[in-house]
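Following my numbering from start to finish, the sequence shown increments by one per residue and tops out at 468. Everything below concerns the one structure shown next.
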Amino acid sequence: MFSKKTALALCMTLVVFGLVAAQCVAPAQPETIIQTVEVEKEVIKEVVKEVEVEKEVEVEKIVEVTPTPDPMALGERCTYNAYRMGWVMDYADPNNIVNEVFHPDSPFQYTFWDDEAFRDLVNEALVTPDQAERQALWQQAQSILVDDMTAVLPIYHYDRSTLVKSGLNATFPPFGAAQIWKWSWDDGRDTVVDALATDPPTLDPQLSTDTTSSAVIGQLMETMYGFKEDGTLEPVGAVDFPEVSEDGTVYTIHLDPEAKWSDGEPVTAQHYVDGITRLLDPETAAEYAYVMYYIDGAEEFNTGETDDPGIVDVKALDDFTLEITLTGPQSFFDSILAFSTTYPARLDVIEAGGDLWFETNFVGNGPYLLEEFVHDSHVTMVANEDHPRGAAATIKRIEMPIIVEEATRLAAYEQDDIDTGYPTAPFPEEELPRILEDPVLGEEFTRLPRPGTYYVGLNTRGEHTDNLH
Numbered sequence: 000m001f002s003k004k005t006a007l008a009l010c011m012t013l014v015v016f017g018l019v020a021a022q023c024v025a026p027a028q029p030e031t032i033i034q035t036v037e038v039e040k041e042v043i044k045e046v047v048k049e050v051e052v053e054k055e056v057e058v059e060k061i062v063e064v065t066p067t068p069d070p071m072a073l074g075e076r077c078t079y080n081a082y083r084m085g086w087v088m089d090y091a092d093p094n095n096i097v098n099e100v101f102h103p104d105s106p107f108q109y110t111f112w113d114d115e116a117f118r119d120l121v122n123e124a125l126v127t128p129d130q131a132e133r134q135a136l137w138q139q140a141q142s143i144l145v146d147d148m149t150a151v152l153p154i155y156h157y158d159r160s161t162l163v164k165s166g167l168n169a170t171f172p173p174f175g176a177a178q179i180w181k182w183s184w185d186d187g188r189d190t191v192v193d194a195l196a197t198d199p200p201t202l203d204p205q206l207s208t209d210t211t212s213s214a215v216i217g218q219l220m221e222t223m224y225g226f227k228e229d230g231t232l233e234p235v236g237a238v239d240f241p242e243v244s245e246d247g248t249v250y251t252i253h254l255d256p257e258a259k260w261s262d263g264e265p266v267t268a269q270h271y272v273d274g275i276t277r278l279l280d281p282e283t284a285a286e287y288a289y290v291m292y293y294i295d296g297a298e299e300f301n302t303g304e305t306d307d308p309g310i311v312d313v314k315a316l317d318d319f320t321l322e323i324t325l326t327g328p329q330s331f332f333d334s335i336l337a338f339s340t341t342y343p344a345r346l347d348v349i350e351a352g353g354d355l356w357f358e359t360n361f362v363g364n365g366p367y368l369l370e371e372f373v374h375d376s377h378v379t380m381v382a383n384e385d386h387p388r389g390a391a392a393t394i395k396r397i398e399m400p401i402i403v404e405e406a407t408r409l410a411a412y413e414q415d416d417i418d419t420g421y422p423t424a425p426f427p428e429e430e431l432p433r434i435l436e437d438p439v440l441g442e443e444f445t446r447l448p449r450p451g452t453y454y455v456g457l458n459t460r461g462e463h464t465d466n467l468h
């Protein structure tokens, strides 16, 4: 929960946000990106009730701080007091948010804050192998950011809420796509209908960054490792966990020699090299390329310092042994090996199919096959019986109708036309009281953790928000 200082700063600073849009620089035509709107006072009042306050805080007007349409322009214009932003963690380590989002050098934070002690704690956490020690270091760094400096004001943590039909045994890992091959019906049914809220923007594994695309690709593709329901890792495309060199920079992964692509070709170490290299290729323009900058040579290749992909230190030692060398020890890198940035790639299939290869001939290494993708209508997948997890699955058919309107999705659920909307298709928030009071829907309502936070960042160069203490 918020500290007293943070809660007071949140309540009182937000009142000021709409008054002045202080400029760090003086552009020819100043642009204000702060929009004042009335919102529910009870949101902040509930925060205040949770902490000990030195005096009563009267909340007369709360403002919502609206981000610029181009967030990357925030730091360039610097004409704001504050911005609001959310971040859902991509992998299971605090590095993904404390360092990659809030570090003073991060491209994702626009507070202009800096602190030497914070930098030292982050650098130490990155190379500390003991998990308990690492967590303590991350917590100290977070405390500097949120409590000591108050450069960032957390508002709430995310979760995922959905409805799941009674009798459907569905498991949900905190990271990555649901592993539907693990699902089952009590009555033995072999089909699940999981609604999508929108058309998947892409089914290209190296280009996907959104939840909808990932929900589909996660059934068609597999990485070397996966997340279990409790957030721990398990080997998937690998036969065991990585061997890590004594200095923590070289990861050796032994791959499953029995793994096959859906066209019967073996999944080899070179395919993982090709997938990572394609992700980093500037011509691919993959948004998640930065996640792999921990690999030696990755940033140089992705940013165009060199056009030689061979500089990326990912090697196939043999058909089923992959070696990855990092720029330095990174004790969380095993979690990244379970992220979508490590999907293998079949360059022959991609080159033959062109930009939309995934629509005409999707060749994957996952437990399901793409049967049909009709834009703005539905996605259908069927189990790959030649895949060990596809053969073991009791869910043999996945139907994903695209239902844009939340009210329509809820009506479809109540009419038994869909079985869930996890994780991309929420139901109407205004219906939540009725859902919770309903004897059937209330039992089927499912709330799941979703590691991430929504917050306000303060422009520490701006007038009224330049005092961090």
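The beta-carbon is built from N, C-alpha and C at its ideal position, and this holds for glycine as well.
Taking the alpha carbon of residue i as the point to measure from, which residue in the options has its own alpha carbon closest?
i    : options                   : result
D418 : E304, N95 and R396        : R396
A285 : W182, S339 and H253       : S339
T208 : T459, Q329 and Y342       : Y342
L136 : Q108, R159 and N98        : N98
I401 : V381, S212, L447 and N80  : S212
V272 : L431, E233 and D312       : D312
W182 : L206, Q218 and F111       : Q218
T190 : L144, V151, I394 and V235 : I394
L162 : T452, Y454, V455 and G441 : G441
W184 : G303, G247, A177 and S165 : S165
A176 : D129, G230, A124 and R188 : G230
M380 : I310, D193, D114 and A131 : D193
G296 : A116, T326, N360 and E264 : T326
E299 : L316, Q178 and P281       : P281
L447 : E428, P427, Y453 and Y421 : Y421
G247 : G303, D333, Y82 and Y292  : D333
S160 : M88, R449 and L206        : R449
Buried or exposed for residue i, going by 16 or more other Cβ atoms inside 10 Å?
i    : result
P438 : exposed
R433 : exposed
Q414 : exposed
Y412 : buried
N168 : exposed
P199 : buried
A351 : exposed
T469 : The shown model of the chain, from 0 to 468, leaves out residue 469, and the question about it has no answer.
G363 : buried
Q130 : exposed
A258 : buried
With residue i as the anchor, note down where its alpha helix (DSSP H) starts and where it stops.
i    : result
S213 : T210 to L219
P432 : L431 to E436
F117 : E115 to V126
R408 : E405 to E413
T276 : A268 to L279
G389 : P387 to A391
V362 : Looking at the DSSP string, V362 is not in any alpha helix (DSSP H), and its letter there is neither H nor E.
V348 : L346 to G352
Which whole-angstrom value is the C-beta distance of residue i and residue j, which I expect to be below 8 angstroms?
i    : j    : result
A391 : W260 : Not confirmed; about 18 angstroms, so no contact.
A91  : F174 : 6 angstroms
E409 : E430 : The amino acid at residue 409 is misidentified as Glu; the sequence shows Leu. Confirmed, about 6 angstroms.
L195 : A424 : 6 angstroms
W112 : A150 : 4 angstroms
G365 : H156 : With 8 angstroms as the limit, G365 and H156 do not qualify as a contact, their Cβ atoms being about 30 angstroms apart.
V235 : G225 : 4 angstroms
L336 : T445 : Actually they are not in contact, since the Cβ atoms of L336 and T445 sit about 29 angstroms apart, beyond 8 angstroms.
I143 : Y453 : The pair is not a contact, with the Cβ atoms about 20 angstroms apart (cut-off 8 angstroms).
A268 : D318 : 6 angstroms
Q329 : Y289 : Q329 to Y289, Cβ: 14 angstroms. No contact.
So what's residue i in DSSP terms, helix, strand or just coil?
i    : result
L206 : coil
E398 : strand
L336 : coil
T190 : strand
M148 : coil
M88  : coil
I417 : coil
S165 : coil
V24  : The predicted position of V24 is uncertain, since its pLDDT is 41 and thus under 50; no value can be drawn from it.
M380 : strand
K181 : helix
E370 : strand
G225 : strand
E299 : helix
D158 : strand
A81  : strand
V243 : strand
In the DSSP assignment, find the unbroken beta strand (DSSP E) run with residue i in it and report its ends.
i    : result
T445 : F444 to L457
V249 : V249 to H253
L232 : L232 to P234
E322 : T320 to T324
L355 : Careful: L355 lies outside any beta strand (DSSP E) and carries neither H nor E.
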